[in-house]
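Worksheet: the structure to be examined is printed underneath.
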Amino acid sequence: MSTTRPGTPLAVLAARRRRAATETRERTAISDADLRRPVVRFWMRLTEVLVGIGLVVAGAGPILWLAKAATSTTQDSLRDPFGLWPSGFQLQNLPDAWNRLQIGTAMVNTVWVALGSWVITLFVCVTGAYVLSVLRPRWGRLLSALVLSALFIPGVVSLVPLYLTVLDLPLLGASLQNTYWAVWLPAAANAFNVVIIKRFFDALPGELFEAARIDGAGPWRMLGSIVLPLSRPILGVVSLLTVVAAWKEFLWPLLVLTDPALQPVSVALPRLANTSEVSLLMAGLFIAVLIPVVLFLVFQKQFLRGVGMSSGIKG
Amino acid sequence: MTTTSTPARAAAPAPRAAEPRPAPVRRRRRPWFLRRENLSATVIALPMILVFLYFCWGPIVRGLVMSFQRTNFVTDPSWVGLENFTYVLSDPLLPTAVGNTLVYGLLCLVIGFPIPVVLAVAMSELRTRGGLYSALAYLPVVVPPVVSVLLWKVFYDPSPDGLFNTALGWVGVDPVGWLNSTDSALPSLVLEATWAGAGTNVIIFIAALTGVQSELYEAAELDGAGIWSRIWHITLPQIRSIVVVLVLLQIIGTAQVFTGPYLFTGGGPNNATMTVLLMIFNYAFVNGDYGAATALSLLLALVLAVFAGIYQLATRKVTRA
Chain W
1 MSTTRPGTPL
11 AVLAARRRRA
21 ATETRERTAI
31 SDADLRRPVV
41 RFWMRLTEVL
51 VGIGLVVAGA
61 GPILWLAKAA
71 TSTTQDSLRD
81 PFGLWPSGFQ
91 LQNLPDAWNR
101 LQIGTAMVNT
111 VWVALGSWVI
121 TLFVCVTGAY
131 VLSVLRPRWG
141 RLLSALVLSA
151 LFIPGVVSLV
161 PLYLTVLDLP
171 LLGASLQNTY
181 WAVWLPAAAN
191 AFNVVIIKRF
201 FDALPGELFE
211 AARIDGAGPW
221 RMLGSIVLPL
231 SRPILGVVSL
241 LTVVAAWKEF
251 LWPLLVLTDP
261 ALQPVSVALP
271 RLANTSEVSL
281 LMAGLFIAVL
291 IPVVLFLVFQ
301 KQFLRGVGMS
311 SGIKG
Chain B
1 MTTTSTPARA
11 AAPAPRAAEP
21 RPAPVRRRRR
31 PWFLRRENLS
41 ATVIALPMIL
51 VFLYFCWGPI
61 VRGLVMSFQR
71 TNFVTDPSWV
81 GLENFTYVLS
91 DPLLPTAVGN
101 TLVYGLLCLV
111 IGFPIPVVLA
121 VAMSELRTRG
131 GLYSALAYLP
141 VVVPPVVSVL
151 LWKVFYDPSP
161 DGLFNTALGW
171 VGVDPVGWLN
181 STDSALPSLV
191 LEATWAGAGT
201 NVIIFIAALT
211 GVQSELYEAA
221 ELDGAGIWSR
231 IWHITLPQIR
241 SIVVVLVLLQ
251 IIGTAQVFTG
261 PYLFTGGGPN
271 NATMTVLLMI
281 FNYAFVNGDY
291 GAATALSLLL
301 ALVLAVFAGI
311 YQLATRKVTR
321 A
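Protein sequence lines correspond, in order, to chains W and B. Quick note on numbering: the working numbering labels position 5 of the first sequence as 5, and the sequence is numbered without any gaps. Quick note on numbering: the working numbering labels position 265 of the second sequence as 265, and the sequence is numbered without any gaps.
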């Protein structure tokens, strides 16, 4: 993927992308001249402090409290919520939740759900978008219209029929209930992903495909050697969106994964919530939140860019 | 995957090699999509077509059909005309659910929109720590909804020792019943949903604000406009069109809210948090009445579609500007 030599069209394009990404932003409503005035300075400082405190309390506060509760006794969390470990650290909560509440199994299941959704979504949406954008067969317009129309239909319409479809696949007669395919395949049928990938492919320069065709490249070769290497930004965004969505999903796995041994953590936790001790439940919640938060902190830029991009298409 | 790909890959370049004439040059737009390539396009598109047929388009059509049928798993489904719709519309719980959903959506708008706008404007004016602030604002969004609901359930502990009640005690406010009282249950759900969702809007608004042309500010400044009037007349109008879109998307989202009410209260106390989607869930997965569930889903979607249409007509002027 990274074998693009300088001077080739691929490298030029990549450089153009990079430049566009790092373009610095210009001034805002408050100018440099304003900033020299003491009154403005004072208010800016105050806003900064208030916004900072507000964001730390509201954004990080609950998660920090969860980290505390995960290592406290039940009594401490419930009777003295703002006390800092009155009875000392209870690190034993974490392994206890992992083993006794079987959060460990649920976490493995969640990873499995997310990875499968990711692979299948990428495969289905990339090949689909490639056909719609680059190969453009005659029936491509109809297919595009159908995909686009699915984007405008609220998800609630297909909830119940989708459930029945998964219970008994039409024509095939198989039931996907209590298999991960029941989560993976509906996740892949995501019109939004197809549309944003297609949009990205549409912006790739047509001369590249022209040149590849003259050199005798077939459709798979063009996909593998031209489209995919140039599409890393959009593939990254779609990957993040898919993995995060799979991680967050609750209602759908609740319906189709009724076997507790297969359930991901967001289905397992509510099931355990009523019967287990608060300290263990908090430890379980903390384990469940750890991976998404760490992923976010590592891939911050990609996450935030993904949000901007998804708003761009919706808007 | 590999079994379908191999013949397509082998077949595609072959005719080019056997045919050296520069015939396809004539058509400039799409010269190479002739027969064989059309075939490989079909093969490559097949996964998407199948997945969408089974899990997207199929269920939508099936939902339409099922709403006019009685479906049980003993006998074949039978056509019942509009019976499902009349049954759903005469359900005494429906007005409560619709009312709750409306109030929920409205509260989400009233609480959930001004905060991100103010935050985004403030954060884009502050020139330092933009990355840190954005990360903090977005952090709640990455918390899985189930985790945040179960966590907030502890925060909403109605006893005087509960986290929120303790904090209220500091400023001399009496303990609140939160999820246990019919008055405060729905607003409590809104509070948690706003916490969980506001980060997305903040990031989107910040992205929109970076697009404001600096010439506008310079011109305004030369004309003697102060900081507030610059924000009011230049900054905010710039994000007006994105606000219009986000409001619509949020209304469509809140109309289909499920996880919060289901996990926090299950629709209680005394149906104070019963929403339309919870009703659909109960019809289908508690009562096993799939016909009624699809009928209500369809009605909800129809209402949303009509609303979206009216909304877009009504806001056309705003988005054009």
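Using N, Cα and C, we set each Cβ at its ideal position, and we do this for glycine too.
Neighbour-count burial assignment, alanine 135 of chain B, 16 or more Cβ in a 10 Å radius: buried
Same chain, Cβ closer than 7 Å to arginine 27 of chain B, five either side skipped, listed in chain order: Note that arginine 27 of chain B scores a pLDDT of 45, beneath 50, so its modelled location is shaky and nothing firm can be said.
CB contact check: isoleucine 251 of chain B to chain W, cutoff 8 Å: no
Through-space distance from valine 43 of chain B to leucine 189 of chain B, alpha-carbon basis: 47 Å
Contact the region 49 to 59 of chain W vs the region 238 to 249 of chain W: 3+ CB pairs below 8 Å: no
Cutoff 6 Å; reference alanine 293 of chain B; Cβ partners in own chain excluding five residues on either side: Ile280, Tyr283 and Ala284
Tryptophan 178 of chain B classed as buried or exposed, judged by whether at least 16 other C-beta atoms fall within 10 angstroms: In summary, tryptophan 178 of chain B is buried, with 16 or more beta-carbon neighbours lying within 10 Å of its beta-carbon over all protein chains present.
8 Å Cβ cut-off: residues of chain B touching valine 289 of chain W: Val143, Pro144 and Val147
is_contact[threonine 127 of chain W, chain B] using C-beta, thresh 8 Å: Yes, threonine 127 of chain W lies at the interface with chain B (some Cβ there is under 8 Å from its Cβ).
Cβ-based burial, leucine 299 of chain B [other Cβ within 10 Å; buried from 16]: With 16 or more other CB atoms across the displayed protein chains lying within 10 angstroms of its CB, leucine 299 of chain B is buried.
Neighbour flag for arginine 26 of chain B against chain W, beta carbons, 8 Å: Residue confidence for arginine 26 of chain B is low, a pLDDT of 46 falling below 50, so the modelled location carries little weight; the figure read from the coordinates is stated next. Arginine 26 of chain B has a beta carbon lying at 8 Å or more from every beta carbon in chain W.
Near-chain W residues of the region 291 to 309 of chain B (beta-carbon distance less than 7 Å), N- to C-terminal order: Ala293, Thr294, Ser297, Leu298, Leu300, Ala301 and Leu304
Interface flag, aspartate 34 of chain W vs chain B, CB-CB below 8 Å: yes
Pairwise C-alpha distance: leucine 295 of chain W and arginine 316 of chain B: 39 Å
Residue nearest to asparagine 38 of chain B in terms of C-alpha spacing, selected from W:Arg136, W:Ala145, W:Glu249 and W:Arg199: Asparagine 38 of chain B has its Cα closest to that of W:Arg136, out of W:Arg136, W:Ala145, W:Glu249 and W:Arg199.
Own chain, CB closer than 7 Å to tyrosine 180 of chain W, minus 5 neighbours either side, in chain order: Trp112, Val113 and Gly116
Sufficient close CB pairs (3 or more, under 8 Å) joining the region 145 to 154 of chain W to the region 216 to 223 of chain W: no
Distance CB(alanine 67 of chain W)-CB(serine 77 of chain W) smaller than 8 Å: no
Delimiting residues of the alpha helix (DSSP H) encompassing threonine 96 of chain B: 93 to 112
Classification of proline 86 of chain W by the beta-carbon crowding that lies within 10 angstroms, buried from 16 upward: exposed
Candidates B:Ser159, B:Trp152 and B:Met48, of which the one nearest tyrosine 130 of chain W by Cα: B:Met48
8 Å Cβ cutoff met for alanine 288 of chain W and valine 110 of chain B: no
Residues from the region 52 to 71 of chain B in contact with chain W, defined by Cβ distance under 7 Å: The region 52 to 71 of chain B vs chain W, Cβ under 7 Å: Phe52, Tyr54, Phe55, Cys56, Trp57, Gly58, Pro59, Ile60, Arg62, Gly63 and Met66.
Simplified DSSP assignment, three categories, for tryptophan 85 of chain W: In this structure, tryptophan 85 of chain W counts as coil in the three-state DSSP scheme.
Buried versus exposed call for proline 92 of chain B [16 or more other C-beta atoms within 10 Å across all chains shown]: exposed
One or two residues paired with tryptophan 79 of chain B in a DSSP bridge: B:Gln69
Rounded C-alpha distance that separates arginine 305 of chain W from valine 237 of chain W: 8 Å
Check whether asparagine 93 of chain W and threonine 110 of chain W have beta carbons under 8 Å apart: Result no, Cβ atoms of asparagine 93 of chain W and threonine 110 of chain W do not sit closer than 8 Å.
Touch test, the region 217 to 234 of chain B against the region 137 to 153 of chain B, Cβ-Cβ under 8 Å, three pairs minimum: Result no; under three Cβ-Cβ pairs closer than 8 Å.
Cutoff 8 Å; reference threonine 258 of chain W; Cβ partners in own chain excluding five residues on either side: Gln177 and Asn178
First through last residue of the alpha helix (DSSP H) which encompasses cysteine 125 of chain W: 103 to 130
Unbroken stretches of the alpha helix (DSSP H), 4 residues or longer, contained in the region 132 to 157 of chain W: 140 to 151
Valine 227 of chain W at chain B interface by Cβ criterion, 8 Å: Using a CB distance cut-off of 8 Å, valine 227 of chain W does not count as an interface residue toward chain B.
Contact with chain B by leucine 240 of chain W, beta-carbon distance below 8 Å: no
Proximal chain W residues relative to glutamine 312 of chain B, where beta-carbon distance stays under 7 Å: For glutamine 312 of chain B, no chain W residue has a C-beta closer than 7 Å to its own C-beta; the minimum C-beta separation is roughly 12 Å.
Short Cβ contact (8 Å threshold) for phenylalanine 68 of chain B with tryptophan 57 of chain B: no
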